[in-house]
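So the structure is just underneath, and the comments pick up after that.
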Amino acid sequence: MRVLALDHLVLAVHDVARTCRIYERVLGMEPKQERPGKWSLHFGAHKISLQDAQAAPNIACDTVPGSGNFCLLTTTPIEEVVAHLEREGVAIVDGPGERAGATGTLLSVYFKDPDGNLVEISNYLP
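At position 2 of the sequence shown the residue is numbered 2 (my numbering), and the sequence of numbers has no breaks.
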């Protein structure tokens, strides 16, 4: 077996509506209701599924809010990303700095979402 790609990831959150608002406003993701009580954030050909931490536990989500840590790629220069985050009142917790990415060196900046999940925004360096 060989894994082809990452299709989606799941974040446990305390407040699904608040998470949708933040990710839409700050990162331009599109919230979509997949079925009653089930929301996800769409960007490009990817999605982040949101699991309400107060809902009944299920096999898809046995993590706690704030345990997520993921990297998003952008073509927007990191200096502009930093300026955008600052305008949105989002505190940067690390960076900009160089990190190892899946296919090369990244220039990254980090912030935490309202649940404490660590979000990395990155550009690949030439």
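Each residue gets a CB set at the ideal place from its N, CA and C atoms; glycine is no exception.
Just so you know, these numbers come straight off a predicted model, no measurement behind them.
Beta-carbon proximity of residue i to residue j, cut-off 9 Å
{"i": "L73", "j": "L27", "result": "no"}
{"i": "G97", "j": "Y124", "result": "no"}
When the options are compared against residue i, the one with the closest alpha-carbon
{"i": "F147", "options": "N117, Y124, R2", "result": "A query on residue 147 cannot be resolved here, the shown segment of the chain reaching from 1 to 126 and no further."}
{"i": "A55", "options": "V16, P114, E86, N123", "result": "V16"}
{"i": "G95", "options": "T103, I121, H14", "result": "I121"}
{"i": "H14", "options": "E34, Q51, P31, R2", "result": "Q51"}
{"i": "G46", "options": "T19, R35, P31", "result": "Checking the sequence, you will find His at residue 46 rather than Gly. The candidate whose alpha carbon is nearest that of H46 is P31."}
{"i": "G44", "options": "G37, E24, M29, A100", "result": "M29"}
{"i": "G37", "options": "C20, L107, V81", "result": "C20"}
Identified DSSP bridge partners for residue i
{"i": "R99", "result": "L106"}
{"i": "A94", "result": "Checking the sequence, you will find Asp at residue 94 rather than Ala. Note: D94 sits in a beta bridge opposite Y110."}
Close beta carbons around residue i, own chain, < 7 Å, minus the five adjacent residues each side
{"i": "I48", "result": "H8, L9, L11, S40, L41"}
{"i": "F111", "result": "L85, V90, A91, I92, V93, V119"}
Own chain, CB closer than 6 Å to residue i, minus 5 neighbours either side, in chain order
{"i": "P65", "result": "A12, V13, H14, A53, D115"}
Minimum Cβ-Cβ distance from residue i to chain B less than 9 Å
{"i": "Y23", "result": "This model lacks chain B altogether; it includes just one protein chain."}
Beta-carbon contacts of residue i that lie in its chain and below 8 Å, excluding the five residues immediately before and after
{"i": "I22", "result": "D113, P114"}
(request) List in chain order: all unbroken alpha helix (DSSP H) runs of 4+ residues lying wholly within the segment 10-43. (result) You should have 16-27.
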